[in-house]
Structures are given as C-alpha cells and as structure tokens.
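Residue numbers (our numbering), protein chains in the order written: chain A, 1 to 154; chain B, 1 to 154; chain C, 1 to 154; chain D, 1 to 154. Heads up, the beta-carbon is just placed ideally off N, CA and C, and yes, glycines get one too. Bear in mind that the values here come from a model prediction, so they are computed numbers and not experimental data. Here is the structure we will look at.
Below, the structure written as structure tokens:
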C-alpha cells in the first residue's frame, strides 16, 4: 500500500537550467509527509510533533515546469521513537524522477524530548510497512527505468 | 581548508513551528555550492555543468528567523566523474545546526552524459580534500556539541 | 466567468507568525496565471511570452497551513499590447484572503520588444472580460466581508 | 537618507526563462523590511507587529542568477496607524530592476487590532521620510534609465 499525492510544478519551482530546481523537490516531499501524517495520526495532541531528523534525495531524471508529478510514500522501518519514510517521485510517463528517504522522530514539545511512537500511530504505520513487499517490487521496476539516467556517480 | 559563507535567515524561510523550515536549508546549501564551484572551476565551458545527483541532510538543532548562519564546505571524496561535498551549518553560538553531504557529477550538456572531472578542477578539488584532516577534527568537536540534540532516531 | 483553481497551502509556505507568509501568495497567483494563459493562448509560438510588468496584492485576512484556497481570475482591462488580470483568493469559509491585480505585457523574445495582443488571444481575453459584471458584483460581496479585516491603513 | 541592503541572487530564485522569477523579488523586499524595522523600532514589545497590508511591484528589467542586487528603502508617507515604504532594486550596473511600494499597518496582536504608530517609531520614520527629497532625485535618474525597459504596458 502506497500513499499517493499529485503535485503541480510551478514556474517558480524551475530554475535557469530549464528544469525543476533541486530545492523544489523538498517542497513536494514535505507536502507528501504532511498529508501522510494526517492519515496515520489524525487526532494528535498539540504537544506532539513529527520532527524531520534527516532526509536524503537521489535525483534521477529532470522534471519540468507545468508537469504533474506523483509522489508515493510508504514506511520502510519502524523503531522505538522514530520511523523511516520513503518517497518516490514519478512523472506522467511513469519515469522515476527522484527517490527520497526520511527519518522522522516523535517529539514532545512540552518536554522537549523524543518520545515513543504512540500505540495507535504504530499500528497505522505498520499497515503501510506491510506494503513493503509490493513496494520493493515496484522499486525493482523503477530501478530498471533508472538505467536511463545519464548522470551516475562513481 | 574550509570554504565558508554566511547566510541571513529570512522571515519567509521560517515556518509556523517558529523555526527555519527544513526546505530552507537546501537553499543555503545550494548557495554554498554555487559559490564554491565558482572558486574551484572559474572559467567553465557553457557545455559543462555540475549535476547534483544526491544530497542528504541531518537536522541537528533548530535555527531561527533573523539569524546569521555560517556554512563551511569541503570535499570528502573524489571519484572519476563525480565528487562528494560536505556542508556544516552553524549558528552564531557555534552550535552545529545541520550537516549535509552531496554527490556532484560532472556533466556535458551537449553530449548529455557524465564526463571525467577536468584536470584543473581535480587539482583544485584536491586542495579542499587535503583539508579533510582539520575538518574531521572539527567534525569531532561538532559531534560533541550534537549530544545536546534533543531528537535522536533509533 | 471566472477561471478558478485550488491550491493547497504547504507547511513551507507559512512563517513563524503562524500564518501564510506574504511571499507565498505570489506563488499562488503565478500558478493561476500560468494555467489561465494555457487556456486563453494554448498554442503559442516559442518566441511569444507574457511578461509580468506589475503586480499589486492587498492582504485582507490571514491564511494558514494545510488550508485549501481558491483563486479566481478574470480580466479587468485590455489594452493594445497589455492587459490587466485580477485574482481573488478565498478560503474554505469563503472569506476573501487577498486580492491582486497584475499587468501583463505581450512580448516577442526574438525581437526583444512588446507586441500587440494576437487576435485570437484578444478574442479569448474578451470572453473573460465580459465576466466583469458578475465579478464586480462578487467584488461587492467580498468587500462587505472585508469589513472584518482587523488591519486597515489610513 | 536611504536604507540599503545587498542580496545575492540564488540559483533557486531564477526560473526556466533564465532570469529571476517574479516571486523572488518579494523575498528581497521582505528582507529589506525586516532589517529596516529592526533599525527604526529596535526594542519592540512582543505584542506589537508590523502587518503588510499591501505591496505593489513594478518589474522594470530582468535580473539574473549569481548577481548581487542592492535594495534601497525609504518612507514615502506616514499616516496615523500605517505608513508607506518604497523599495528600489538596482543591479551592479546601477540599472533599476524593480520598484515597490508597501503599506504597513501597526498592529497589536493581543488586542487583535491596528494601533497608532508609537511615538518613538514615528520620530524614526520621519527621519527616513526627510530623505524623500534626495530619493525623488534619485528616482528621476532611475526613471531615465527606465526608458530602456523593453516592455511597457498601455
């Protein structure tokens, strides 16, 4: 099971190289996270927060202004106080544009410290983790498409 | 040897949690990269470009509107066609706010493929790589400061 | 007749005052313009462009993160080489958040100068101008709602 | 007397037309306002705020990535509860890129209503208003440069 949202690429999100600027991808991932959090933890206490501890993005293909992109999100790991999310960004031709993984820490703002993942949230996250099988299969497909990426680090 | 720039945190770069939004950090890292590239590869051919293949950011402490932040940049690895950059973001109290590592691929836009790092650029990058010793020492200091980060993933 | 789009307010578009930052409104207006231009001038020559010569925004009420906002756009004036657009931004409670007016100039990039509005485009713009009657009525309604704006210049 | 700041144009602030995106100018004006407010009202009460009621920007020339731009700010009008600011944005060749005027309302967040300009602030603002003479002279010079703007509305 993947959570999927669609984003429209604004003109302001492109840059002088004619493509979507690298910083814009993080706007899309944030929107995906916000909407995902509302689903898996709908009635949260105001003292509870999700802190982004880390995010990594691999840029695989260029995206362009006025495109509609799809972001699918799932959970790849659940710890005691934190969990890992994965985002895959694809364009309308189903080409994988970017993939990201983020580490989220459950935080209590009143106590100013990280806290254990609440029971109901954990249960909800596990439902998205279960999706891992289907996702990694998708991941394989996507990886094959990656072979067309023309930049590759060594 | 570290390349250092200073950035001013704009009001627009904060969010409703009262701190600098996660997406804003990537604006700062991009500014650091742009200015670094001008130093290490000043007279580049218009067909030559630096492609950001990947970037990872660890968020360690909050930053706030109207602050001045310092970003120090150095090179952690040099491959055949790509190299790795590291950024460390500190505030005025010398607290480490975030650290990032980025993979940069040398790209020829005319041929639309990655190319070997040009000789002069490689030589320049190596000067910043030599700085690694001092940097990792700084990294240790910074790591000690990190112990005060109140969120930590597991 | 109004052209209407819906935008989702991203977390990154808010600021430390807890509301949508003033600069974010211009992102929304740009998206409205881009989509409007595709409708009224769908098959445009690559040498032809719409230049934003001027934009004015009145901020009437605060908007917040995670809201869905509606932007309605119409044409208020058509000149020889330029035309005026109006945007009204409302929230889900139908409160007017902001209104903007923009001056757009038709521009030929090859000749690097402004050009007369192409005939077909002019005809299309006039269809949206005709909407003026209904719009100004809406405008009046909206103005009544404005009386609740708690800041007012003198 | 003009308040002047310098901003660096980030790559992310450009767009696929190869120039600075229209939305980026408002980032620069906001930075200019923030810094100006700190000067003219340094020790403000947390309940006191400056609300941007309106802003208008005329785009006169293109600006480009990696440029350094100067923004000069002064006060053009002082009312009872609000005042008007003017920003002029110039590039390194002293060409006027854009000019903006903003209406600022003094606001009390606790009472949630606009309030009279505090006495000390008013005095400070008047010092910048006095600068009007020199500024409008500069304005004339700048206007002459404007004659080279290749888009002009009608």
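Under 9 Å by beta carbon: chain B residues contacting residue i
i, result
"residue 31 of chain D", "8, 10, 11, 12"
"residue 81 of chain A", "151, 152, 153, 154"
Assigned exposure category for residue i - 16 Cβ within 10 Å defines buried
i, result
"residue 14 of chain C", "buried"
"residue 127 of chain D", "exposed"
"residue 18 of chain B", "exposed"
"residue 61 of chain D", "buried"
"residue 80 of chain B", "exposed"
"residue 12 of chain C", "buried"
"residue 50 of chain A", "buried"
"residue 20 of chain C", "buried"
"residue 22 of chain A", "buried"
"residue 31 of chain B", "buried"
"residue 96 of chain C", "buried"
"residue 63 of chain B", "buried"
"residue 99 of chain D", "buried"
Beta-carbon neighbours of residue i, restricted to chain C and to distances below 8 Å
i, result
"residue 45 of chain A", "Here the premise fails: no neighbours, minimum Cβ distance about 17 Å."
Option nearest residue i by Cα separation, candidates the options
i, options, result
"residue 121 of chain D", "D:67, D:83, D:12", "D:83"
"residue 86 of chain B", "B:9, B:65, B:97, B:29", "B:29"
"residue 117 of chain A", "A:106, A:93, A:24, A:88", "A:106"
"residue 43 of chain B", "B:77, B:2, B:124", "B:124"
"residue 1 of chain B", "B:93, B:151, B:45, B:76", "B:76"
"residue 152 of chain A", "B:129, B:115, B:26", "B:115"
"residue 91 of chain C", "C:70, C:10, C:102", "C:70"
"residue 40 of chain C", "C:149, C:150, C:129, C:154", "C:129"
"residue 59 of chain C", "C:5, C:113, C:27, C:89", "C:89"
"residue 149 of chain C", "D:45, D:93, D:78, D:113", "D:113"
"residue 119 of chain D", "D:16, D:94, D:78", "D:78"
"residue 5 of chain A", "A:45, A:33, A:56", "A:33"
"residue 101 of chain A", "B:16, B:93, B:57", "B:57"
Contact set between residue i and chain A, taken where Cβ atoms lie within less than 7 Å
i, result
"residue 34 of chain C", "11, 66"
"residue 18 of chain D", "16"
Residue i: contacting residues in chain B (beta-carbon distance under 8 Å)
i, result
"residue 119 of chain A", "Under the 8 Å cutoff, chain B gives no residues; its nearest Cβ is about 17 Å from residue 119 of chain A."
"residue 54 of chain A", "56, 57, 58, 59, 153"
Sequence-distant residues of its chain with Cβ nearer than 6 Å to residue i (five each side left out)
i, result
"residue 3 of chain A", "36, 73"
"residue 47 of chain C", "108, 109, 110"
"residue 65 of chain D", "9, 11, 14"
"residue 26 of chain C", "none"
Contacts that residue i makes with chain A (C-beta to C-beta distance below 9 Å)
i, result
"residue 105 of chain B", "151, 152, 153, 154"
Contacts of residue i in chain B (Cβ-Cβ under 7 Å)
i, result
"residue 27 of chain D", "10, 12"
Other residues of its chain near residue i: CB distance less than 7 Å, five sequence neighbours each side excluded
i, result
"residue 8 of chain D", "68"
"residue 103 of chain B", "53, 54, 82, 84"
"residue 24 of chain A", "13"
"residue 93 of chain B", "none"
Per-residue contacts from residue i into chain A (C-beta, under 8 Å)
i, result
"residue 22 of chain B", "26, 30, 52, 55"
Interface residues of chain C facing residue i [CB-CB closer than 9 Å]
i, result
"residue 114 of chain D", "150, 151, 152, 153, 154"
Close beta carbons around residue i, own chain, < 8 Å, minus the five adjacent residues each side
i, result
"residue 16 of chain C", "none"
Where are the beta strand (DSSP E) runs, 3 residues long or more, that stay fully inside the stretch 78-135 of chain B, in chain order?
82-90, 96-108
Extract the residue ranges of the beta strand (DSSP E) inside the stretch 36-61 of chain B, only unbroken runs of 3 or more that lie entirely within it.
48-59
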